[in-house]
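A short worksheet on the structure shown next.
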Amino acid sequence: MELSEAISMLLKEQGFPIDKTRLQQSISLIDPTALPADIIVTLLEILGVAGLPQVMTKPDGAYMPLLAYHAQYGWGRIVQQMATHQWLFQQSQQSLRCQGDEFNFIAKIQLSTADIEKREITFRQLLKNNLSQHKDVVFEAVLASLMINLLALASSMFSMQVYDRVIPTHSEYTLIILASGVALLILFEMFMKFARSKIMDKLVVSLDQNLSRDIFERLLKVRIDQMPGSVGSLAAQLRGYEQVRSFFTASTLFTLVDLPMSILFIVIIGVIGSPWLSLVPVFAATIGLLMGLNSRRKMDKAAAEGAAASYAKTGILVETVEGIETIKAGAGNWKFLSRWLNVINFTIENDLKIKHINDNLNYGVQTLQQISYVGLVIVGAFIVMNNEMTTGSLIACTILGGRILAPIMSIPSILVQYSHAKAAEANIEKLFTLAQDNHGVSYPLSPSKIQGNYQCENVVFKYKGNDRPAINLSKLNIRAGERVAILGAIGSGKSTLLKLLSGLYATTEGRILLDGLDINHISRESLSEQVGYLQQDHRLFQGTLRENLLIGMPTPPDDVLQTAIVRTGLIRLVSGHSSGLDLPISEGGKGLSGGQKQLVAFTRLVLTNPTIWLLDEPTASMDNNQEQQCLQVLAQELQRGGKTLIVSTHKMSLLQLVDRIIIIADNQIVMDGPKQAVLAQLQQNEEMARKQSLEKQEQKH
Numbered sequence: 001m002e003l004s005e006a007i008s009m010l011l012k013e014q015g016f017p018i019d020k021t022r023l024q025q026s027i028s029l030i031d032p033t034a035l036p037a038d039i040i041v042t043l044l045e046i047l048g049v050a051g052l053p054q055v056m057t058k059p060d061g062a063y064m065p066l067l068a069y070h071a072q073y074g075w076g077r078i079v080q081q082m083a084t085h086q087w088l089f090q091q092s093q094q095s096l097r098c099q100g101d102e103f104n105f106i107a108k109i110q111l112s113t114a115d116i117e118k119r120e121i122t123f124r125q126l127l128k129n130n131l132s133q134h135k136d137v138v139f140e141a142v143l144a145s146l147m148i149n150l151l152a153l154a155s156s157m158f159s160m161q162v163y164d165r166v167i168p169t170h171s172e173y174t175l176i177i178l179a180s181g182v183a184l185l186i187l188f189e190m191f192m193k194f195a196r197s198k199i200m201d202k203l204v205v206s207l208d209q210n211l212s213r214d215i216f217e218r219l220l221k222v223r224i225d226q227m228p229g230s231v232g233s234l235a236a237q238l239r240g241y242e243q244v245r246s247f248f249t250a251s252t253l254f255t256l257v258d259l260p261m262s263i264l265f266i267v268i269i270g271v272i273g274s275p276w277l278s279l280v281p282v283f284a285a286t287i288g289l290l291m292g293l294n295s296r297r298k299m300d301k302a303a304a305e306g307a308a309a310s311y312a313k314t315g316i317l318v319e320t321v322e323g324i325e326t327i328k329a330g331a332g333n334w335k336f337l338s339r340w341l342n343v344i345n346f347t348i349e350n351d352l353k354i355k356h357i358n359d360n361l362n363y364g365v366q367t368l369q370q371i372s373y374v375g376l377v378i379v380g381a382f383i384v385m386n387n388e389m390t391t392g393s394l395i396a397c398t399i400l401g402g403r404i405l406a407p408i409m410s411i412p413s414i415l416v417q418y419s420h421a422k423a424a425e426a427n428i429e430k431l432f433t434l435a436q437d438n439h440g441v442s443y444p445l446s447p448s449k450i451q452g453n454y455q456c457e458n459v460v461f462k463y464k465g466n467d468r469p470a471i472n473l474s475k476l477n478i479r480a481g482e483r484v485a486i487l488g489a490i491g492s493g494k495s496t497l498l499k500l501l502s503g504l505y506a507t508t509e510g511r512i513l514l515d516g517l518d519i520n521h522i523s524r525e526s527l528s529e530q531v532g533y534l535q536q537d538h539r540l541f542q543g544t545l546r547e548n549l550l551i552g553m554p555t556p557p558d559d560v561l562q563t564a565i566v567r568t569g570l571i572r573l574v575s576g577h578s579s580g581l582d583l584p585i586s587e588g589g590k591g592l593s594g595g596q597k598q599l600v601a602f603t604r605l606v607l608t609n610p611t612i613w614l615l616d617e618p619t620a621s622m623d624n625n626q627e628q629q630c631l632q633v634l635a636q637e638l639q640r641g642g643k644t645l646i647v648s649t650h651k652m653s654l655l656q657l658v659d660r661i662i663i664i665a666d667n668q669i670v671m672d673g674p675k676q677a678v679l680a681q682l683q684q685n686e687e688m689a690r691k692q693s694l695e696k697q698e699q700k701h
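Sequential numbering from 1 applies to the sequence shown in UniProt numbering.
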């Protein structure tokens, strides 16, 4: 038994199903010569599982099932303790009784609640979890920043000693020693800044890797009927996590280091100078904070409007690039140009508004810093003239005063980052509120075999923003092994029904049972593996023809691939190009005809060999010869037995494959029965309609 099968079973039993292809690819990235414990730890990290394996020296019946490795039989699971003091070692094809000391490796893999609850997590919680995983890195950055700030005291102390001790006594040797010491401290401070930069880079890279992975995984798990309408806007929203990450990393150091050090510097001014002198930077810092808080509300509103406009701009750009052929053919250039200019004009105005708010705050803080410096000098001068403080202490206090206000100077940029991050976070949270596959199901089911028995009970489906049902079924039963055709006018709900049966859509009302299980309770991985859905408009992706054929599948032997493309007729496309299966495919499959795209999709479905075939106009763009070849292949696949076929079509040629026809009109079933009976009824209805039409014409004459 392979490691992938054993891990897959253990995770699936805990409500964490993993796609088999992804699991095998993850295992291929691991050094096979590593120790078993290291292999398991690395594999779980790649899969994004937080739980660590608990390695055991011998099996323990209280922790079943256990992952185990047997030198003779390979990987498997220990699932039961036998009365004979033996252990039941289970593999995919066999179950063996083994002694406890026969196993080379035993481990308990217990998922944490975080792994299960991760499906319903918000973006803010995800960000906090990622930051908490890097506490050690944040601590190192904070420690480096504290040392940098403490070393900054050297220049102020150096100035105080020079003015108070060196100049009055003309002590050149003391000056040289002090200068040498402060030079070393300055160099050390520079190295600490380099170190902090490296530490922050490490934090940023790790956060980027984890967040980008988690966000993209979340996107892939969003249920199809919940996806937003604008692809470009969605893509721009997802990139917004970088702004959120940037703000949190910057604000963390500001909160944990700069503010506490500013308070420390104020205390030092009170000690080496005078408590009255320390009130000057306190007053200036308070005014600066109030200015920043006053500007924040305006900045938040402007940033939210700017983010919406930026997303709309990206959406228009993507939509234009994807539909440039339609735009040119329909002379719609002016309309899209007008939309583009409207968004651009709004974006420019918004950018100017943000710049105006930021500039006002910057200029105000800069003026405040100058006033604070002058205030320190004036107040300090009176204190010096009263012989309560030395001139050197006054110089040191003015230097420290600048260090206190330095964080205040960064408030404008932090506020700008905060406003943009807040707007970006709100948009990313919209993605995290979208329903996912298996929404509301903590432990999805992963049946090893799906037969194909469908039961639809009071099913109603409505698209977002549309109160009119796209499909309305009071009852529909399809038995395993049946071959059903769905006929109806365009917009009648045929494609919607197929998406519901594939589990890509979830019902608004009612439920769909597959083999007696609510289809929403069956894991997406199991449905994708055993339910083959061929959509009407199949999209190809940038890469090679081979890569498009094998999306989501383990790479089959070349002879299997060759047999499939010969059977479906795709061999004509492959042999007609010098690159063969490595034929470059552009984004969206541009350069291939609609029929060729459908043929690639059909060949891919043949390679997956599903139990249930859901086909939506599978040959709509094919010529007659190619269609007949595909129908022949489909008939051969169905003859293997146990296969369920549900096909939506307008072509009579596909009806030769079915034995039952369902007619949909006005988004509901109006006729359902054996093929010959339904066709006869349709013919009778047509004749009756023709007679009624003739009678009306005769009455007019």
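Virtual Cβ for every residue (Gly too), placed ideally from N, Cα, C.
query                                                                                                                              : result
Assigned secondary structure, Arg-640 (DSSP; H/G/I helix, E/B strand, else coil)                                                   : coil
Supposed close pair Tyr-505, Phe-461 - CB separation, criterion 8 angstroms                                                        : 6 angstroms
Unbroken alpha helix (DSSP H) run spanning Phe-541, endpoints                                                                      : Here Phe-541 belongs to no alpha helix (DSSP H), and DSSP marks it neither H nor E.
Rounded separation between Thr-174 and Val-166 - CA only                                                                           : 7 angstroms
Complete alpha helix (DSSP H) runs within the segment 180-245 (minimum length 4 residues, chain order)                             : 231-239
Which of helix, strand or coil DSSP assigns to Leu-682                                                                             : helix
Beta-carbon spacing of Leu-501, Ile-519 below 9 angstroms                                                                          : yes
Cβ-Cβ separation, Asp-437 to Arg-223 (assumed contact under 8 angstroms), whole Å                                                  : 6 angstroms
DSSP three-state assignment for Gln-93, whether helix, strand or coil                                                              : coil
Lys-462, DSSP secondary structure in three states                                                                                  : coil
Start and end residues, alpha helix (DSSP H) containing Leu-135                                                                    : Before going on, a small fix: residue 135 reads as Lys here, not Leu. Here the alpha helix (DSSP H) through Lys-135 covers 135-151.
Separation of Asn-129 from Leu-376, as counted between CA atoms                                                                    : 44 angstroms
Burial state of Pro-65 (16 or more Cβ within 10 Å)                                                                                 : buried
Near the ligand GDP: Leu-654 beta-carbon under 8 angstroms from a heavy atom                                                       : Of the ligands one can find in the structure shown there are none, so the ligand GDP has no counterpart to examine.
Opposing strand residues paired with Glu-509 [DSSP bridges]                                                                        : Val-460
Buried or exposed by the 16-neighbour rule on C-beta atoms within 10 Å, applied to Gln-209                                         : exposed
Residue range of the unbroken alpha helix (DSSP H) whose run includes Ser-132                                                      : 123-132
DSSP bridge partner residues for Asp-672 (one or two, in chain order)                                                              : Ile-662
Spatial distance of Lys-430 from Thr-391 (CA atoms)                                                                                : 59 angstroms
Own chain partners of Met-82 with C-beta closer than 7 angstroms, once the 5 adjacent residues on each side are dropped            : Leu-88 and Arg-97
Start and end residues, beta strand (DSSP E) containing Lys-499                                                                    : Unbroken run through Lys-499 is the alpha helix (DSSP H), 494-502; no beta strand (DSSP E).
Start and end residues, alpha helix (DSSP H) containing Asp-300                                                                    : 275-322
Top-ranked residue by Cα proximity to Arg-245, from Leu-581, Thr-608, Leu-203 and Ala-284                                          : Leu-203
Contact set for Gly-100: own chain, Cβ-Cβ below 7 angstroms, skip 5 residues either direction                                      : Lys-58, Pro-59 and Trp-87
Burial state of Gln-626 (16 or more Cβ within 10 Å)                                                                                : buried
Residue interval of the alpha helix (DSSP H) (run including Ala-485)                                                               : That residue, Ala-485, is in no alpha helix (DSSP H); its beta strand (DSSP E) goes 483-488.
Outcome for Ala-284 when other beta-carbon atoms lying within 10 angstroms are tallied against a minimum of 16                     : buried
Test item: CB-CB of Ser-526 and Pro-447 under 9 angstroms                                                                          : yes
Nonlocal neighbours in the same chain, by C-beta distance under 7 angstroms from Lys-651, ignoring five residues either side       : Thr-619
Contact under 9 angstroms by Cβ, residue 702 with Ala-665                                                                          : There is simply no residue 702 to check, as the chain begins at 1 and stops at 701 in what is shown.
One or two residues paired with Gln-436 in a DSSP bridge                                                                           : Val-222
Cut-off 8 angstroms between Cβ atoms - residues of its own chain near Ala-37, not counting five sequence neighbours on either side : Pro-53, Val-55, Phe-105 and Ala-107
Straight-line gap, His-134 to Leu-126 (C-alpha atoms, nearest Å)                                                                   : 13 angstroms
Own chain residues within Cβ distance below 7 angstroms of Glu-388, not counting five before or after                              : Ser-274
Nearest to Ala-424 (by Cα), restricted to the options Arg-239, Tyr-63, Gln-629 and Ile-585                                         : Arg-239
Proximity to Gly-543 [Cα-Cα], best of Thr-169, Glu-587 and Thr-84                                                                  : Glu-587
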